[in-house]
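A.B. asks: Take this structure first; my questions come after.
Numbering (the working numbering), first residue to last: 354 to 782.
Here you go:
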C-alpha cells in the first residue's frame, strides 16, 4: 500500500484499536507484564536494543523531565541522541525523537510519519504472531529507529514500573529511578516499598544505578536490590537541590529533577560546564517538551501540567497556593481518570481556588458529574462548577478571567488527556 497522510492516520488508528494502549484503554486491558514477547520481537528486528548506548529511566514522577534534560545535555556534547518517552500529548510521534548534536542541531526531530508507516507495514504480521501489546510495538519501533539512525546514546523512559516493563531488555550505561510514590498500585503494589522494588527491577549487574529522591524505607529497598544484582548505587538527594531559575521548565518541582540529571551526567563522565548547563536550561525548547508547568497563554497566565497523582499534585498545588498567597486569583480547570486516587488528592487542593471541573474525551476519564459530586466531599460548593468538556471548561475560565486578566492565573491539569485538549485549544486561538 502506498503511503499517504490519510492511509498513515488510518493505519495508526487501527494499531490503537487492535493493540490497545494504556493511554486509551487503561492498564488492565493494555498492560502485558513480562519480557519474553519483547525479547522475541527484538530478536526478530535484529536486536536493535544492543546497537546503541542507553540510559534507562524509571520512576513514579520526574522521569520524563530527567530524560529530556539528559538528552539535551548529551546532544550539546556533540552526540546524536535518541529519546523515547510516553505517553504522547498530541502526536504519537512525540514518543520518539532524535537531537543530532553531531550536526550542531539545537532542536529535536520526531520520527517521520513515513518511517512509522514503513515499520508498521513491515511487521504487522509479527504483531499478531507474537501477540504484542501496543507498548511493545512502540518500543520495538523506537529501538529499531534509533539503531537505524546510529545514535550514540538513547535515553529510554520506562513505561510502567520497571522490572516487567518492555524497555527492561536493555543493558544500559546507567539505570535511574527518579522518585517513588503511590501510583498504579493495582499493578505495582500498594506500598512505596513494593513499588520501589518494581522500579529497582531495572538495576543490572555492573551497571551503575542512580536514585533520585528516596525516603529511608525506599532507600533500603534500593540498597538491597543493588547488593543483590551487584551494581554501584548512588543517591542524588545527598546533595542540595539546585536553583531552577535558569530553566525553561518552570515548575518548582524541577529542582529535584535537575539535581538527578546533573548527577547522572556526572556518573557518565560529563561535568556541568557552561555548555551542558545552557542545554539543560533550554530543555523544553530544544526537545520540544510539553506539559510540564507549561505556559500556554498570557493575560491571563494559563499554565498546564500533566501531574496526576498525589505526590506530583502535592507539589503543584503547593506552588499554586503560593500564587494565591501573593494575591493572585486562581482558576483551576481540572479533570481526572477513574483510576486515580481522588481521595488522596482532595486534601491537597487549594481551598481558595475556583474549580471548573471537566472530563476529557476518553473512556478512562471520570465524568464531570461524578467528579463534581466527589469534590463536594472536600471543597466548598460555591467554589465548584461542572462544565462538562475540557474546551467548555477553558472557555468558561477565560470568560471569568476577563474581569481581571492581569491578576488571574488559570491552571489546567489532572491528566495528560486534559493537557492534550488544552494544548490543542490554545493552538487554535
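Where is the CB? At the ideal position from N, CA and C, for every residue including glycine.
If you run the structure through DSSP and keep just helix, strand and coil, what is residue 487?
C.D. replies: Here residue 487 sits in helix by DSSP.
A.B. asks: Would you check if the distance between the CB atom of residue 632 and the CB atom of residue 407 is smaller than 7 Å?
C.D. replies: Not closer than 7 Å, so no.
A.B. asks: Residues bridged to residue 636 by DSSP?
C.D. replies: DSSP lists no partner for residue 636.
A.B. asks: At the level of alpha carbons, what is the spacing between residue 475 and residue 520?
C.D. replies: Approximately 21 Å between the Cα atoms of the pair.
A.B. asks: What residues match up with residue 407 in a beta bridge as DSSP calls it?
C.D. replies: In the DSSP output, where bridge partners are listed per residue, residue 407 has 507.
A.B. asks: Hey, out of 584, 389, 471, whose CA is closest to residue 557's CA?
C.D. replies: Out of 584, 389, 471, 584 has the C-alpha closest to the C-alpha of residue 557.
A.B. asks: Please go through the same chain and pick out, in chain order, the residues whose beta-carbon is closer than 6 Å to the beta-carbon of residue 705, but skip the five residues on each side of it.
C.D. replies: Same-chain partners within the cutoff: 677.
A.B. asks: Apply the 10 Å Cβ neighbour rule to residue 532 and answer buried if 16 or more other Cβ atoms are within range, or exposed otherwise.
C.D. replies: Flag for residue 532 reads buried.
A.B. asks: What did DSSP end up calling residue 761 once you bin it into helix, strand or coil?
C.D. replies: Residue 761: strand per DSSP, three-state reduction.
A.B. asks: Run through DSSP, which three-state label would residue 562 get?
C.D. replies: In this structure, residue 562 counts as strand in the three-state DSSP scheme.
A.B. asks: For residue 561, which of 765, 674, 588 has the nearest alpha-carbon?
C.D. replies: For residue 561, the nearest C-alpha among the options comes from 588.
A.B. asks: Would you say residue 620 and residue 494 are within 7 Å of each other, going by their C-beta atoms?
C.D. replies: No. Outside cutoff.
A.B. asks: Count the other CB atoms, across all protein chains shown, that sit within 10 Å of the CB of residue 456; report buried if there are 16 or more and exposed otherwise.
C.D. replies: So residue 456 ends up on the exposed side.
A.B. asks: Span of the beta strand (DSSP E) holding residue 586?
C.D. replies: Taken as a continuous stretch (DSSP letters only), the beta strand (DSSP E) holding residue 586 covers 586-588.
A.B. asks: Report yes if the CB atom of residue 506 is closer than 7 Å to the CB atom of residue 427, and no otherwise.
C.D. replies: Yes.
A.B. asks: Can you give the beta carbon distance from residue 707 to residue 684, rounded, assuming they're within the 8 Å contact cut?
C.D. replies: Residue 707 to residue 684, Cβ: 5 Å. Contact.
A.B. asks: If I measure Cβ to Cβ from residue 483 and keep anything under 6 Å in the same chain, skipping five residues before and after, which residues do I get?
C.D. replies: Hits under 6 Å: 390, 393, 394.
A.B. asks: If we ignore side chains and look at the alpha-carbon of each, how far apart do residue 515 and residue 449 end up?
C.D. replies: Distance between the alpha carbons of residue 515 and residue 449 is about 19 Å.
A.B. asks: Return the residue from the list 782, 781, 743 that minimises the CA-CA distance to residue 766.
C.D. replies: Among 782, 781, 743, the Cα nearest to that of residue 766 is on 743.
A.B. asks: Under 8 Å Cβ to Cβ from residue 502, same chain only, skipping five residues before and after it: list those, please.
C.D. replies: Counting only Cβ-Cβ distances below 8 Å, and skipping sequence neighbours, we find 433, 435, 451.
A.B. asks: Give me the Cα-Cα distance between residue 590 and residue 569, rounded to the nearest whole angstrom.
C.D. replies: Cα to Cα, residue 590 sits roughly 12 Å from residue 569.
A.B. asks: Assign residue 729 to buried or exposed, taking buried as 16 or more other Cβ atoms, counted over all protein chains shown, within 10 Å of its Cβ.
C.D. replies: Exposed: under 16 other Cβ atoms inside 10 Å.
A.B. asks: Can you tell me the Cα-Cα spacing of residue 610 and residue 671, whole angstroms?
C.D. replies: Answer to the nearest angstrom: the Cα atoms are 17 Å apart.
A.B. asks: Look up residue 659 in the DSSP assignment and give the residues it is bridged to.
C.D. replies: BP columns for residue 659 are empty, so no partner.
A.B. asks: So, with DSSP's three-state summary, where would you put residue 608?
C.D. replies: Three-state result, residue 608: helix.
A.B. asks: By DSSP, does residue 448 sit in helix, in strand, or in coil?
C.D. replies: If DSSP states are grouped into helix, strand and coil, residue 448 belongs with the helices.
A.B. asks: Under the three-state reduction of DSSP, which class applies to residue 648: helix, strand or coil?
C.D. replies: Of the three classes helix, strand and coil, the one that applies to residue 648 here is strand, per DSSP.
A.B. asks: Going by Cα to Cα distance, which pick from 414, 563, 701, 659 is closest to residue 441?
C.D. replies: Cα-wise, what sits closest to residue 441 is 659.
A.B. asks: In or out: residue 397 buried (at least 16 other Cβ within 10 Å) or exposed?
C.D. replies: Its Cβ having fewer than 16 others within 10 Å, residue 397 is exposed.
A.B. asks: For residue 521, list the residues DSSP reports as bridge partners.
C.D. replies: DSSP output for residue 521 lists no bridge partner at all.
A.B. asks: Inspect the beta-carbon positions of residue 725 and residue 701 and report whether they are closer than 7 Å.
C.D. replies: Result no, Cβ atoms of residue 725 and residue 701 do not sit closer than 7 Å.
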